[in-house]
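What follows is a short report on a single structure.
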Amino acid sequence: MKLGLSLGYWGRGPNPDTLDNVLAAESMGFDSMWTAEAWGSDALTPLAWYGSRTTTMKLGQSITQISARTPAATAMAMQTLQHLSDGRVICGLGVSGPQVVEGWYGQPFAKPLARTREYVSILKQVWERGEPVTSEGPHYPLPYPSDAEGSVGKGKALRSITHPHPTPIPVYLAAEGPKNLALAGEMADGWLPLWMSPDESPWYEAQIQKGMDRVPGKSWDDFGVAATVPTLVLDDLDAAIDLMRPNLALYIGGMGAKGENYHYDVFARMNEGRYEGTCEKIQELYLSGHKDEAIATVPAEMVDDICLVGSADRVRDRVQRWEDSIVDTLLIGGPWQTVQAAGAALLD
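So in the numbering used here, spot 174 of the sequence shown is number 154, and the numbers just go up one at a time.
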(Lines of atoms letter the chains of each structure in order from A and count residues from 1; the text may use other names and numbers.)
(Lines give C-alpha, C1' and ligand atoms only; values in the text may rest on other atoms or scores of the structure.)
Protein backbone atom coordinates (compact mmCIF):
# COMPACT_ATOMS: atom_id res chain seq x y z
CA MET A 1 0.00 0.00 0.00
CA LYS A 2 1.45 3.35 -1.09
CA LEU A 3 0.77 6.70 0.57
CA GLY A 4 -0.01 9.95 -1.20
CA LEU A 5 0.05 13.43 0.34
CA SER A 6 -3.25 15.19 -0.32
CA LEU A 7 -2.74 18.97 -0.47
CA GLY A 8 -6.27 19.68 -1.69
CA TYR A 9 -7.16 23.24 -2.68
CA TRP A 10 -6.56 26.48 -0.80
CA GLY A 11 -9.02 28.21 1.46
CA ARG A 12 -8.19 31.88 2.07
CA GLY A 13 -4.66 31.33 0.81
CA PRO A 14 -1.70 28.96 0.77
CA ASN A 15 -0.30 27.30 3.86
CA PRO A 16 3.20 28.78 4.31
CA ASP A 17 4.46 25.40 5.58
CA THR A 18 3.38 23.43 2.50
CA LEU A 19 6.81 23.14 0.91
CA ASP A 20 8.39 21.94 4.15
CA ASN A 21 5.58 19.41 4.53
CA VAL A 22 5.97 18.16 0.96
CA LEU A 23 9.71 17.66 1.39
CA ALA A 24 9.20 15.94 4.74
CA ALA A 25 6.58 13.62 3.24
CA GLU A 26 8.92 12.69 0.40
CA SER A 27 11.70 11.89 2.86
CA MET A 28 9.26 9.73 4.88
CA GLY A 29 8.49 7.63 1.82
CA PHE A 30 5.25 9.10 0.48
CA ASP A 31 4.87 7.95 -3.12
CA SER A 32 2.92 10.91 -4.49
CA MET A 33 1.40 14.32 -3.81
CA TRP A 34 -2.00 15.50 -5.00
CA THR A 35 -3.51 18.94 -5.51
CA ALA A 36 -7.11 19.95 -6.25
CA GLU A 37 -9.25 22.87 -7.36
CA ALA A 38 -12.74 24.12 -6.55
CA TRP A 39 -13.45 27.81 -7.26
CA GLY A 40 -10.32 29.53 -5.97
CA SER A 41 -6.80 28.15 -6.34
CA ASP A 42 -6.09 25.95 -9.34
CA ALA A 43 -4.60 22.46 -9.24
CA LEU A 44 -1.71 22.79 -11.68
CA THR A 45 0.26 25.82 -10.48
CA PRO A 46 0.89 24.53 -6.92
CA LEU A 47 1.73 21.09 -8.32
CA ALA A 48 4.43 22.58 -10.55
CA TRP A 49 5.67 24.92 -7.81
CA TYR A 50 6.07 22.31 -5.08
CA GLY A 51 6.82 19.48 -7.46
CA SER A 52 9.88 21.32 -8.77
CA ARG A 53 11.51 20.81 -5.35
CA THR A 54 10.85 17.06 -5.26
CA THR A 55 12.67 14.26 -7.05
CA THR A 56 10.68 11.05 -6.60
CA MET A 57 7.06 11.87 -5.74
CA LYS A 58 4.48 11.43 -8.46
CA LEU A 59 2.47 14.58 -9.17
CA GLY A 60 -1.29 14.03 -9.32
CA GLN A 61 -4.50 16.01 -9.14
CA SER A 62 -7.55 14.97 -7.23
CA ILE A 63 -9.00 16.61 -9.18
CA THR A 64 -8.53 18.86 -12.20
CA GLN A 65 -12.00 20.02 -13.23
CA ILE A 66 -12.93 19.23 -16.81
CA SER A 67 -14.96 22.39 -17.32
CA ALA A 68 -12.06 24.62 -16.23
CA ARG A 69 -10.09 24.06 -19.43
CA THR A 70 -10.56 22.84 -22.95
CA PRO A 71 -9.17 19.35 -23.56
CA ALA A 72 -6.29 20.79 -25.59
CA ALA A 73 -5.36 23.21 -22.79
CA THR A 74 -5.34 20.41 -20.22
CA ALA A 75 -3.32 18.17 -22.54
CA MET A 76 -0.74 20.93 -23.06
CA ALA A 77 -0.42 21.64 -19.34
CA MET A 78 -0.03 17.98 -18.42
CA GLN A 79 2.46 17.33 -21.21
CA THR A 80 4.52 20.36 -20.20
CA LEU A 81 4.62 19.26 -16.56
CA GLN A 82 5.41 15.69 -17.61
CA HIS A 83 8.57 16.87 -19.35
CA LEU A 84 9.61 19.22 -16.56
CA SER A 85 9.13 16.51 -13.90
CA ASP A 86 10.71 13.78 -16.04
CA GLY A 87 7.63 11.61 -16.24
CA ARG A 88 5.99 11.92 -12.80
CA VAL A 89 2.55 13.28 -13.73
CA ILE A 90 -0.80 11.62 -13.06
CA CYS A 91 -3.67 13.40 -14.79
CA GLY A 92 -6.62 13.32 -12.38
CA LEU A 93 -9.91 14.47 -13.88
CA GLY A 94 -13.45 15.00 -12.65
CA VAL A 95 -16.61 16.75 -13.80
CA SER A 96 -17.31 18.54 -10.48
CA GLY A 97 -20.99 19.45 -9.96
CA PRO A 98 -23.59 21.60 -11.71
CA GLN A 99 -23.35 24.49 -9.26
CA VAL A 100 -19.63 24.91 -9.93
CA VAL A 101 -19.70 24.06 -13.63
CA GLU A 102 -22.56 26.38 -14.53
CA GLY A 103 -22.13 28.94 -11.75
CA TRP A 104 -18.36 29.39 -11.81
CA TYR A 105 -17.16 28.24 -15.22
CA GLY A 106 -20.25 29.22 -17.16
CA GLN A 107 -20.37 25.87 -18.93
CA PRO A 108 -23.30 23.46 -19.39
CA PHE A 109 -23.27 20.49 -17.03
CA ALA A 110 -25.51 18.18 -19.05
CA LYS A 111 -24.25 14.78 -20.22
CA PRO A 112 -21.15 14.55 -17.98
CA LEU A 113 -20.37 10.99 -19.09
CA ALA A 114 -20.37 11.89 -22.78
CA ARG A 115 -18.30 14.99 -22.11
CA THR A 116 -15.75 13.01 -20.14
CA ARG A 117 -15.44 10.35 -22.84
CA GLU A 118 -14.86 12.99 -25.51
CA TYR A 119 -12.45 14.94 -23.30
CA VAL A 120 -10.22 11.96 -22.51
CA SER A 121 -10.21 10.89 -26.15
CA ILE A 122 -8.81 14.29 -27.16
CA LEU A 123 -6.16 14.20 -24.41
CA LYS A 124 -4.91 10.87 -25.67
CA GLN A 125 -4.80 12.09 -29.26
CA VAL A 126 -2.69 15.08 -28.24
CA TRP A 127 -0.25 12.96 -26.21
CA GLU A 128 0.05 10.20 -28.80
CA ARG A 129 0.92 12.79 -31.46
CA GLY A 130 -0.19 10.65 -34.36
CA GLU A 131 -2.54 12.31 -36.81
CA PRO A 132 -3.67 15.94 -36.34
CA VAL A 133 -6.20 16.11 -33.52
CA THR A 134 -9.85 15.96 -34.53
CA SER A 135 -13.11 15.38 -32.72
CA GLU A 136 -16.60 15.15 -34.12
CA GLY A 137 -18.03 16.57 -30.91
CA PRO A 138 -20.67 17.52 -30.02
CA HIS A 139 -19.10 18.84 -26.81
CA TYR A 140 -15.55 19.60 -27.97
CA PRO A 141 -15.60 19.64 -31.79
CA LEU A 142 -12.16 20.01 -33.35
CA PRO A 143 -11.61 21.91 -35.54
CA TYR A 144 -14.41 24.27 -34.54
CA PRO A 145 -17.14 23.84 -37.21
CA SER A 146 -17.02 26.47 -39.92
CA ASP A 147 -20.83 26.70 -39.92
CA ALA A 148 -21.09 27.18 -36.15
CA GLU A 149 -22.06 30.50 -34.60
CA GLY A 150 -19.07 32.81 -34.29
CA SER A 151 -16.79 30.76 -36.55
CA VAL A 152 -14.67 32.52 -39.14
CA GLY A 153 -14.17 29.22 -40.99
CA LYS A 154 -10.39 29.10 -40.61
CA GLY A 155 -10.03 26.25 -38.11
CA LYS A 156 -7.36 23.68 -38.92
CA ALA A 157 -6.64 20.29 -37.38
CA LEU A 158 -3.23 20.50 -35.69
CA ARG A 159 -0.71 18.12 -34.20
CA SER A 160 1.18 19.00 -31.03
CA ILE A 161 4.49 20.74 -31.65
CA THR A 162 5.85 19.16 -28.47
CA HIS A 163 6.71 15.49 -28.67
CA PRO A 164 5.49 13.15 -25.91
CA HIS A 165 7.68 12.23 -22.96
CA PRO A 166 8.84 8.58 -23.04
CA THR A 167 6.70 7.89 -19.97
CA PRO A 168 2.97 7.95 -20.86
CA ILE A 169 0.68 10.14 -18.75
CA PRO A 170 -1.85 8.01 -16.85
CA VAL A 171 -5.40 9.35 -16.58
CA TYR A 172 -7.30 8.79 -13.33
CA LEU A 173 -11.01 9.59 -13.22
CA ALA A 174 -13.00 10.70 -10.19
CA ALA A 175 -16.14 8.58 -10.40
CA GLU A 176 -18.95 7.77 -8.00
CA GLY A 177 -21.88 6.19 -9.86
CA PRO A 178 -21.82 2.80 -11.63
CA LYS A 179 -21.75 4.28 -15.15
CA ASN A 180 -18.88 6.59 -14.26
CA LEU A 181 -16.99 3.70 -12.72
CA ALA A 182 -17.43 1.67 -15.87
CA LEU A 183 -16.20 4.64 -17.92
CA ALA A 184 -13.09 4.80 -15.74
CA GLY A 185 -12.48 1.11 -16.35
CA GLU A 186 -12.81 1.62 -20.09
CA MET A 187 -11.12 4.98 -20.73
CA ALA A 188 -8.77 5.60 -17.82
CA ASP A 189 -5.73 4.15 -16.12
CA GLY A 190 -7.05 4.60 -12.62
CA TRP A 191 -9.88 5.63 -10.32
CA LEU A 192 -10.01 8.40 -7.68
CA PRO A 193 -12.65 7.59 -5.05
CA LEU A 194 -13.37 10.47 -2.69
CA TRP A 195 -15.57 8.50 -0.30
CA MET A 196 -15.28 4.75 -0.24
CA SER A 197 -15.94 1.91 2.16
CA PRO A 198 -13.30 -0.77 1.53
CA ASP A 199 -15.88 -3.35 2.53
CA GLU A 200 -17.67 -2.52 -0.75
CA SER A 201 -14.58 -3.21 -2.84
CA PRO A 202 -16.19 -6.14 -4.73
CA TRP A 203 -19.04 -3.88 -5.92
CA TYR A 204 -16.66 -1.17 -7.13
CA GLU A 205 -14.46 -3.76 -8.78
CA ALA A 206 -17.42 -5.21 -10.66
CA GLN A 207 -18.49 -1.81 -12.03
CA ILE A 208 -14.96 -0.97 -13.18
CA GLN A 209 -14.57 -4.44 -14.70
CA LYS A 210 -17.59 -3.80 -16.92
CA GLY A 211 -15.65 -0.99 -18.56
CA MET A 212 -12.42 -2.95 -18.75
CA ASP A 213 -14.24 -5.72 -20.57
CA ARG A 214 -14.85 -3.31 -23.46
CA VAL A 215 -11.08 -3.02 -24.04
CA PRO A 216 -9.40 -6.23 -25.30
CA GLY A 217 -6.45 -7.17 -23.15
CA LYS A 218 -6.97 -4.57 -20.44
CA SER A 219 -6.52 -5.84 -16.89
CA TRP A 220 -6.07 -4.67 -13.32
CA ASP A 221 -2.33 -4.74 -13.92
CA ASP A 222 -2.93 -1.60 -16.02
CA PHE A 223 -5.16 0.14 -13.47
CA GLY A 224 -4.60 1.97 -10.17
CA VAL A 225 -6.91 3.16 -7.40
CA ALA A 226 -5.89 6.15 -5.28
CA ALA A 227 -8.46 6.69 -2.54
CA THR A 228 -8.80 9.78 -0.37
CA VAL A 229 -9.06 8.41 3.17
CA PRO A 230 -9.70 10.85 6.04
CA THR A 231 -7.21 9.83 8.69
CA LEU A 232 -6.68 10.93 12.28
CA VAL A 233 -4.26 9.24 14.68
CA LEU A 234 -5.60 9.99 18.15
CA ASP A 235 -5.76 7.74 21.19
CA ASP A 236 -9.25 8.99 22.09
CA LEU A 237 -11.37 7.19 19.47
CA ASP A 238 -14.61 9.01 20.33
CA ALA A 239 -12.87 12.38 20.03
CA ALA A 240 -11.36 11.38 16.69
CA ILE A 241 -14.77 10.38 15.35
CA ASP A 242 -16.30 13.65 16.55
CA LEU A 243 -13.62 15.62 14.69
CA MET A 244 -14.47 13.79 11.46
CA ARG A 245 -18.24 14.30 11.65
CA PRO A 246 -18.41 17.92 10.36
CA ASN A 247 -16.72 17.14 7.04
CA LEU A 248 -18.97 14.15 6.38
CA ALA A 249 -22.04 16.22 7.22
CA LEU A 250 -20.89 18.92 4.79
CA TYR A 251 -20.52 16.51 1.89
CA ILE A 252 -23.71 14.58 2.63
CA GLY A 253 -25.84 17.61 3.38
CA GLY A 254 -24.33 20.69 1.82
CA MET A 255 -22.32 19.83 -1.30
CA GLY A 256 -24.88 20.56 -3.98
CA ALA A 257 -28.61 20.97 -4.16
CA LYS A 258 -31.07 18.31 -3.11
CA GLY A 259 -31.27 15.74 -5.88
CA GLU A 260 -27.99 17.00 -7.39
CA ASN A 261 -25.49 15.99 -4.69
CA TYR A 262 -23.50 13.05 -5.99
CA HIS A 263 -21.60 12.66 -2.72
CA TYR A 264 -24.92 12.17 -0.96
CA ASP A 265 -25.71 9.38 -3.40
CA VAL A 266 -22.46 7.58 -2.54
CA PHE A 267 -23.20 7.59 1.19
CA ALA A 268 -26.86 6.68 0.71
CA ARG A 269 -25.94 3.73 -1.53
CA MET A 270 -23.10 2.56 0.73
CA ASN A 271 -23.27 -0.96 2.16
CA GLU A 272 -26.56 -1.81 0.44
CA GLY A 273 -28.31 1.35 1.57
CA ARG A 274 -27.46 0.98 5.24
CA TYR A 275 -27.15 4.74 5.75
CA GLU A 276 -29.83 5.93 3.32
CA GLY A 277 -32.35 7.07 5.94
CA THR A 278 -29.65 8.74 8.00
CA CYS A 279 -28.30 10.57 4.95
CA GLU A 280 -31.77 11.91 4.18
CA LYS A 281 -32.04 13.28 7.71
CA ILE A 282 -28.54 14.81 7.59
CA GLN A 283 -29.31 16.55 4.30
CA GLU A 284 -32.64 17.86 5.52
CA LEU A 285 -31.07 19.30 8.68
CA TYR A 286 -28.09 20.77 6.83
CA LEU A 287 -30.07 22.47 4.08
CA SER A 288 -32.55 23.91 6.59
CA GLY A 289 -29.71 25.60 8.48
CA HIS A 290 -29.42 23.16 11.40
CA LYS A 291 -25.78 22.28 10.76
CA ASP A 292 -24.89 21.32 14.33
CA GLU A 293 -27.75 18.85 14.43
CA ALA A 294 -26.74 17.48 11.04
CA ILE A 295 -23.19 16.94 12.32
CA ALA A 296 -24.44 15.18 15.44
CA THR A 297 -26.56 12.86 13.26
CA VAL A 298 -23.53 11.42 11.44
CA PRO A 299 -23.20 7.88 12.88
CA ALA A 300 -19.93 6.79 14.45
CA GLU A 301 -20.19 3.60 12.38
CA MET A 302 -20.24 5.63 9.16
CA VAL A 303 -17.12 7.56 10.17
CA ASP A 304 -15.31 4.36 11.09
CA ASP A 305 -16.44 2.74 7.85
CA ILE A 306 -14.68 5.18 5.53
CA CYS A 307 -12.03 6.80 7.73
CA LEU A 308 -8.91 5.65 9.53
CA VAL A 309 -9.25 6.88 13.11
CA GLY A 310 -7.95 6.00 16.55
CA SER A 311 -4.61 5.09 18.06
CA ALA A 312 -1.60 4.29 15.89
CA ASP A 313 -2.07 0.59 16.60
CA ARG A 314 -5.74 0.77 15.67
CA VAL A 315 -5.00 2.65 12.44
CA ARG A 316 -2.36 0.06 11.49
CA ASP A 317 -4.89 -2.68 12.19
CA ARG A 318 -7.77 -1.02 10.33
CA VAL A 319 -5.71 -0.25 7.23
CA GLN A 320 -5.79 -3.98 6.48
CA ARG A 321 -9.32 -3.42 5.16
CA TRP A 322 -7.86 -1.12 2.50
CA GLU A 323 -4.98 -3.44 1.73
CA ASP A 324 -7.51 -6.21 1.07
CA SER A 325 -9.44 -3.95 -1.33
CA ILE A 326 -8.72 -2.74 -4.88
CA VAL A 327 -7.07 0.40 -3.49
CA ASP A 328 -3.29 0.63 -3.98
CA THR A 329 -2.70 4.20 -2.74
CA LEU A 330 -4.11 6.01 0.29
CA LEU A 331 -4.30 9.80 -0.03
CA ILE A 332 -3.89 11.46 3.35
CA GLY A 333 -4.21 15.18 4.05
CA GLY A 334 -4.94 17.71 6.75
CA PRO A 335 -2.65 19.40 9.29
CA TRP A 336 0.94 18.22 9.10
CA GLN A 337 0.76 16.68 12.55
CA THR A 338 -2.05 14.44 11.25
CA VAL A 339 -0.15 13.49 8.10
CA GLN A 340 3.07 12.88 10.00
CA ALA A 341 1.38 10.68 12.60
CA ALA A 342 -0.46 8.72 9.91
CA GLY A 343 2.69 8.31 7.87
CA ALA A 344 4.59 7.10 10.91
CA ALA A 345 1.85 4.60 11.70
CA LEU A 346 1.39 3.29 8.17
CA LEU A 347 4.96 3.41 6.83
CA ASP A 348 6.48 1.86 9.94
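Here a beta-carbon is modelled for each residue, glycine too, at the ideal position from N, C-alpha and C.
Confirm, please, whether the CB-CB distance from Gly20 to Leu311 is below 8 Å. no
Tell me Val69's beta-bridge partners as DSSP assigns them. Leu39
Can you check which of these residues, Ala5, Ser65, Ile46, is closest to Trp29 by C-alpha distance? For the residues Ala5, Ser65, Ile46, the minimum Cα distance to Trp29 belongs to Ser65.
Kindly identify the DSSP beta-bridge partner or partners of Trp175. None, per the DSSP bridge assignment.
According to DSSP, residues forming a beta bridge with Met13: Leu(-15), Leu39
Suppose contacts are defined by Cβ-Cβ distances below 8 Å. Is Val69 in contact with Leu39 by that definition? Remark: C-beta atoms of Val69 and Leu39 approach each other more closely than 8 Å.
Burial state of Arg95, where buried means 16 or more other Cβ atoms lie within 10 Å: buried
List the whole-angstrom C-beta distance separating Phe330 from Val100, where the pair is believed to meet the contact cut-off of C-beta under 8 Å. Nothing about residue 330 can be reported from this structure: the residues present for the chain run from -19 to 328 only.
Note the first and the last residue of the continuous alpha helix (DSSP H) segment covering Val283. For Val283, the enclosing alpha helix (DSSP H) starts and ends at 280 to 286.
Supposed close pair Ala154, Ile188 - CB separation, criterion 8 Å: About 13 Å; that fails the 8 Å criterion.
Applying the 10 Å Cβ sphere with the 16-neighbour rule, what's the burial state of Leu27? buried
Per DSSP, which residues does Gln45 bridge with? Please list them. Gly74
Within the same chain, show all residues whose beta-carbon is closer than 6 Å to that of Asn241, passing over the 5 residues directly before and after it, in chain order. Met235
Residues near Arg109 in its chain [Cβ-Cβ closer than 7 Å; skip 5 each side]: Hits under 7 Å: Arg139, Ser140, His143, Pro144.
Can you pull the DSSP bridge partners for Gly170? Gly170 is bridged to Tyr152, Gly204.
Would you please state the rounded distance, in angstroms, between the beta carbons of Ser42 and Ser(-14)? I believe it to be under 8 Å. The Cβ separation is near 7 Å, so the contact holds.
Supposed close pair Tyr255, Gly233 - CB separation, criterion 8 Å: Not a contact, Cβ separation roughly 13 Å.
Phe203 vs Gly239 beta-carbon contact at 8 Å: no
Can you tell me which of the three DSSP states Thr114 falls into? coil
Would the beta-carbon of Thr35 fall within 8 Å of that of Thr44? no
For Leu212, does the three-state DSSP call read helix, strand or coil? strand
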